[in-house]
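Okay, structure first, notes after.
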Amino acid sequence: MMARRFQVTVDGHRYEVEVSELPDTAPALAEPALRAPAPAPAVWGAAHAREGLAAGPRQASAGTIAAPLPGVALEVRVAVGDSVAAGDVLVILEAMKMENEITAAAAGTVETVHVVPGASVAAGDPLVTLG
Amino acid sequence: MANSKKLAELARRREQLFAMGGAERVERQHQMGKWSARERLAALLDPDTFQELGAHVEARVGEPAPADGVVTGVGRAGGRPVYVYAQDFTVVGGSLGEMHAKKIQAMQDLALKAGCPMVGLNDSGGARIQEGVDALSGYGEIFRRNTHASGVIPQITVIMGPSAGGAVYSPALTDLVIMVRGTAQMFITGPQVIRAVTGEQVTAEELGGADAQLTRSGVAHFAADTDAEALALTRELLARFPANNLEDPPRQPPRPPEPVDLNGLVPDDPNKPYDVRRIIAGVVDRGSFLECQAGYADNVVVGWAHLDGQPVGVIANQPRVLAGTLDIDASDKLARFVRLCDAFNFPLLTLVDTPGYLPGTAQEYGGIIRHGAKVLYAYAEATVPKVTVILRKAYGGAYLAMCSRSLGADLAVAWPSAEIAVMGPEPAANIIYRRELEAAPDPAAARREKVAEYRERFANPYVAAARGYVDAVVEPAETRAALIRMLSALMSKRESRPSKKHGNVPL
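Listed in order, the protein sequences are those of chains A and B. Residues in the first sequence are numbered from 0 upward in steps of one, following numbering that gives the first Met the number 0. Residues in the second sequence are numbered from 0 upward in steps of one, following numbering that gives the first Met the number 0.
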């Protein structure tokens, strides 16, 4: 859905507005449960079946993976051009006496590798950029 | 017949109430991927259990609107009573005026009196401006009731539409906040105001959408993809919680754990990470673990589970995120979870593997002392049964903070891989053997030797066990059986604190 921007003047005041068009067809919506709601899930099955929910947030895009904490890049496991899947280990960052596995948040191709093995990095420094 | 006329009048009014904002507005709600308030309540509650209350309440200002934009009443979820309100965006935008607020307050009062959980379904454009300070006061009265009910009855808020400005604080005062992706947004000031004041460009979803409030701010505890999913989760949470602070959380039929090779899970090398959720899965009843705030401060994992059918709150350091350190956000997440469990009688099971507090100027200036203190406070304050398992690293202040025996754990168990000491081997060796190391012909080799010596002598569970700080050293594979034996013998525990107005928790 593309939002377009317009300038509107009302009583001499200028307003900037964003207008986006709603789709003609309604997005898929489950049958309203007005009279017969879906049967309640058993507590056990529910927790298990909805792994995705409990597992946390949706990862938006690949982008640049930054060092979550200061340390030393012990190993760089990818090279420019490599295809990686979500969860693949990109860099081993030794920090806090731990060989921290820095993983890809989403699938992508390695565009840039910002560190070499042995390099010291500060928290927030870019490690790998995925496209 | 006069009576039939009166019945017809009731039927007419009911029809209006049932239609709420009318077919067209409900259709628009559907187009946005949202259900109407009545559809949501039907999905939340057991069939034919909803008793609407206050349906005929009208605003003093403007045209009467069906239910004044909020459906209130009592119903059952999983057979247990729950008081509910559901704002309806199809009626005056779900806006909160004086009487709309009074309807919500009436449910809060009843829920507290009856000792039943309160669930709010929020979908509101905000304060009804025509009602001025009366609308404002409506929020204030709700906040006060949220606070008074806190720790007495479980309060859950599901954000299913906009929630901006003052409207965010009632959810924030409740125990758990669930947001629906794409349709729910929470913020104090919206994108337009932010752009005008600071020049920052941000969309409403980026600013206050479910994922932003779940992963960046920690305001939300869960994000759901649809109304249906959010309401199913609400039912599940209600099934896990007691109705009030005087009851125990409901037991479930025991189940064996997932088959996990616990003996082989923690790497021999203390510098290697692993996923602590595998350990949780191998200890608790299969499929019973429901993680809370997954995606926020994941260096600590918290959630509810069942151990041989007994509900427990689980807290675990996560070595694969930020090396399992405790930082500001993890401290806040952990402390609030511990206090929630303590309020509603969930015993605490703490799994420890942390190298310590996260170092750095951002942490110190951000007040890690103050935030970290919440962890100590919450654990020491809690009177529920507390059992701690030390998996691997447990050093210094972080060892104490993670529900150590000294802080108040009823029982502490250690795995043979536990390293319980005043500090990690490397810095300890540097300090203890400084003179020797300086004088050594090969300082690096001497250092390695001393680190190994320190690890051998002190970084194990037996020094702490020799002093009684650890009650049992168990093989990982025996952990579940040991915990079941220990916890079942602690359930009758009664612990009281000196009578006081309230403590002064470091906020």
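Ideal placement from N, C-alpha and C gives every residue a C-beta, glycine not left out. For clarity, every value in this text was computed on a predicted model and none was experimentally measured.
In angstroms, rounded to a whole number, what distance separates the CA positions of B/Pro266 and B/Leu40?
Position 267 of the second sequence, counted from the first residue, corresponds to residue 266 of chain B. Position 41 of the second sequence, counted from the first residue, corresponds to residue 40 of chain B. Approximately 48 Å between the Cα atoms of the pair.
Is it the case that the Cβ atoms of A/Glu74 and B/Asn270 are separated by a distance below 8 Å?
Indexing the first sequence from 1 puts residue 74 of chain A at position 75. Indexing the second sequence from 1 puts residue 270 of chain B at position 271. At least 8 Å separates the beta-carbon of A/Glu74 from that of B/Asn270.
Need the endpoints of the beta strand (DSSP E) that B/His509 sits in, please.
Lying before the first or after the last residue shown, residue 509 of chain B is absent from chain B, which here runs from 0 to 506.
What are the boundary residues of the beta strand (DSSP E) that B/Tyr82 is part of?
For this step, residue 82 of chain B is matched to residue 83 along the second sequence. For B/Tyr82, the uninterrupted beta strand (DSSP E) run begins and ends at Arg79 to Gln86, by DSSP.
Listed by chain order, chain A residues near B/Asn270 by CB distance under 8 Å
Locating residue 270 of chain B in the second sequence gives position 271, counting from the first residue. Around B/Asn270, the beta-carbon contacts reaching into chain A at under 8 Å are Glu93, Lys96, Met97 and Glu98.
Hey, would you say B/Ala400 sits closer than 8 Å to B/Gly371, going by beta carbons?
As a first step, residue 400 of chain B is located in the second sequence; it is residue number 401 there, counting from the start. As a first step, residue 371 of chain B is located in the second sequence; it is residue number 372 there, counting from the start. A Cβ-Cβ contact shorter than 8 Å links B/Ala400 with B/Gly371.
B/Gly281 and B/Leu261 - do their beta-carbons sit closer together than 8 Å?
On the second sequence, position 262 is the one that residue 261 of chain B refers to. On the second sequence, position 282 is the one that residue 281 of chain B refers to. When the beta-carbon positions are compared, B/Leu261 and B/Gly281 come within less than 8 Å of each other.
Less than 7 Å between C-beta atoms, sequence neighbours within five positions excluded: which residues of the same chain meet that for A/Ala65?
Taking the first sequence and counting its residues from 1, one reaches residue 65 of chain A at position 66. Answer for A/Ala65: Gly123, Asp124, Pro125 and Leu126, listed in chain order.
Ranges of the alpha helix (DSSP H) found wholly within the region 341–401 of chain B, counting only runs of at least 4:
Within the region 341–401 of chain B, the complete alpha helix (DSSP H) segments of 4 residues or longer fall at 360–364, 367–380 and 395–400, listed in chain order.
Cβ atoms of B/Val176 and B/Thr146: under 8 Å apart, would you say?
In the second sequence, counting from the first residue as 1, residue 146 of chain B sits at position 147. In the second sequence, counting from the first residue as 1, residue 176 of chain B sits at position 177. Not closer than 8 Å, so no.
What are the residues in the region 61–73 of chain A lying within 8 Å of chain B by C-beta distance?
Answer set for the region 61–73 of chain A: Pro67, Leu68 and Pro69.
Can you give me the C-alpha to C-alpha distance between B/Ser287 and B/Leu348, rounded to a whole angstrom?
Within the second sequence, numbered from 1, the residue matching residue 287 of chain B stands at position 288. Within the second sequence, numbered from 1, the residue matching residue 348 of chain B stands at position 349. When only Cα atoms are considered, B/Ser287 and B/Leu348 end up about 14 Å apart.
Alpha-carbon spacing of B/Tyr569 relative to B/Gly467, whole angstroms
Because chain B in this structure spans residues 0 to 506, residue 569 of chain B falls outside the shown range and cannot be described.
Just list the residues that DSSP pairs B/Ala411 with in beta bridges.
Here residue 411 of chain B is taken as the residue at index 412 of the second sequence, counted from 1. In the DSSP output, where bridge partners are listed per residue, B/Ala411 has B/Thr387.
Can you pull the chain B neighbours of A/Ala122, defined as C-beta to C-beta under 7 Å?
For the purposes of this step, residue 122 of chain A is taken as the residue at position 123 of the first sequence. At a C-beta separation below 7 Å, A/Ala122 has these neighbours in chain B: Gly359.
Strictly under 8 Å for the Cβ-Cβ distance: is B/Gly198 near chain A by that measure?
For this step, residue 198 of chain B is matched to residue 199 along the second sequence. Interface residue (Cβ-Cβ distance to chain A less than 8 Å): B/Gly198 is not classified as such.
Nearest-angstrom Cα distance between B/Gly423 and B/Ala464?
Within the second sequence, numbered from 1, the residue matching residue 423 of chain B stands at position 424. Within the second sequence, numbered from 1, the residue matching residue 464 of chain B stands at position 465. Answer to the nearest angstrom: the Cα atoms are 18 Å apart.
Neighbour list for B/Thr324 in chain A, Cβ cutoff strictly below 8 Å
For this step, residue 324 of chain B is matched to residue 325 along the second sequence. What B/Thr324 touches in chain A: Leu68 and Met95.
CB B/Gly217 to CB B/Asp331, shorter than 8 Å?
What you label residue 217 of chain B is simply residue 218 of the second sequence in a count that begins at 1. What you label residue 331 of chain B is simply residue 332 of the second sequence in a count that begins at 1. Cβ atoms of B/Gly217 and B/Asp331: closer than 8 Å.
DSSP beta-bridge partners of B/Met117:
Numbered from its first residue, the second sequence carries residue 117 of chain B at position 118. Answer is B/Tyr82 and B/Gln154.
Per DSSP, the bridge partner or partners of A/Tyr14
Reading the first sequence from its first residue, position 15 is the one you call residue 14 of chain A. Answer is A/Val7.
Could you compute how far the alpha carbon of B/Ala229 sits from the alpha carbon of B/Ala222?
Counted from its first residue, the second sequence places residue 229 of chain B at position 230. Counted from its first residue, the second sequence places residue 222 of chain B at position 223. Cα to Cα, the separation comes out at about 8 Å.
Anyone know if the C-beta pair for B/Pro475 and B/Val469 falls short of 8 Å?
Translated into the one-based positions of the second sequence, residue 475 of chain B becomes position 476. Translated into the one-based positions of the second sequence, residue 469 of chain B becomes position 470. Taking 8 Å as the Cβ cut-off, B/Pro475 and B/Val469 do not qualify as a contacting pair.
Quick check: what's the CA-CA separation for A/Ala106 versus B/Glu257?
To locate residue 106 of chain A, count along the first sequence from 1; it is residue 107. To locate residue 257 of chain B, count along the second sequence from 1; it is residue 258. Taking the straight line joining both Cα atoms gives about 29 Å.
Please classify A/Ala25: is it buried, with 16 or more other beta-carbons within 10 angstroms of its beta-carbon, or exposed?
The residue given as residue 25 of chain A occupies position 26 in the first sequence. With a pLDDT of only 39 at A/Ala25, under the threshold of 50, the placement of this residue in the model should not be trusted, and no figure is reported.
Within chain A, the residues that B/Arg319 reaches when beta carbons sit closer than 7 Å
For the purposes of this step, residue 319 of chain B is taken as the residue at position 320 of the second sequence. Those are Glu100, listed as they occur along chain A.
Contact check, B/Ser123 vs B/Gly160, beta carbons under 8 Å:
By one-based count along the second sequence, residue 123 of chain B stands at place 124. By one-based count along the second sequence, residue 160 of chain B stands at place 161. Yes; because the gap between Cβ atoms is below 8 Å, this pair is in contact.
Limits of the unbroken alpha helix (DSSP H) element including B/Ser169
Indexing the second sequence from 1 puts residue 169 of chain B at position 170. Note, B/Ser169: alpha helix (DSSP H), Tyr168 to Leu172.
Chain-order list of residues whose beta-carbon lies under 6 Å from that of B/Ala296 (same chain, five-residue window excluded)
Within the second sequence, numbered from 1, the residue matching residue 296 of chain B stands at position 297. Around B/Ala296: Asp328, Ala329 and Lys332.
Nearest-angstrom Cα distance between B/Glu130 and B/Met98?
On the second sequence, residue 130 of chain B is found 131 positions in, with the first residue counted as 1. On the second sequence, residue 98 of chain B is found 99 positions in, with the first residue counted as 1. Computed Cα separation, rounded: 10 Å.
Identify which residue in B/Arg37, B/Pro241, B/Val167 and B/Gly323 has its Cα closest to the Cα of B/Arg276.
Residue mapping note: residue 276 of chain B aligns to position 277 of the second sequence, counting from 1. Ranking B/Arg37, B/Pro241, B/Val167 and B/Gly323 by Cα distance to B/Arg276 puts B/Gly323 first.
According to DSSP, which residues form a beta bridge with B/Phe221?
Translated into the one-based positions of the second sequence, residue 221 of chain B becomes position 222. B/Ile177, per the DSSP bridge assignment.
Closer than 6 Å by C-beta to B/Val91: which residues in its own chain qualify, once you throw out the five before and the five after it? Chain order, please.
Working through the second sequence from its first residue, we reach residue 91 of chain B at position 92. Counting only residues of its own chain and dropping the five nearest sequence neighbours on each side, B/Val91 has a CB closer than 6 Å to the CB of Ala64 and Gly68.
Roughly how many angstroms lie between the CA atoms of A/Ala39 and B/Gln309, to the nearest whole one?
Along the first sequence, read from residue 1 onward, the residue named residue 39 of chain A stands at position 40. Along the second sequence, read from residue 1 onward, the residue named residue 309 of chain B stands at position 310. For A/Ala39, the pLDDT reaches just 39, beneath the cut-off of 50, and the residue's location in the model is therefore unreliable, although a value from the coordinates is still provided. Approximately 22 Å, taken between the alpha carbons.
Residue burial classification, B/Val196 (beta-carbon count within 10 angstroms, cutoff 16):
Position 197 of the second sequence, counted from the start, is the residue given in the question as residue 196 of chain B. With fewer than 16 other CB atoms across the displayed protein chains lying within 10 angstroms of its CB, B/Val196 is exposed.
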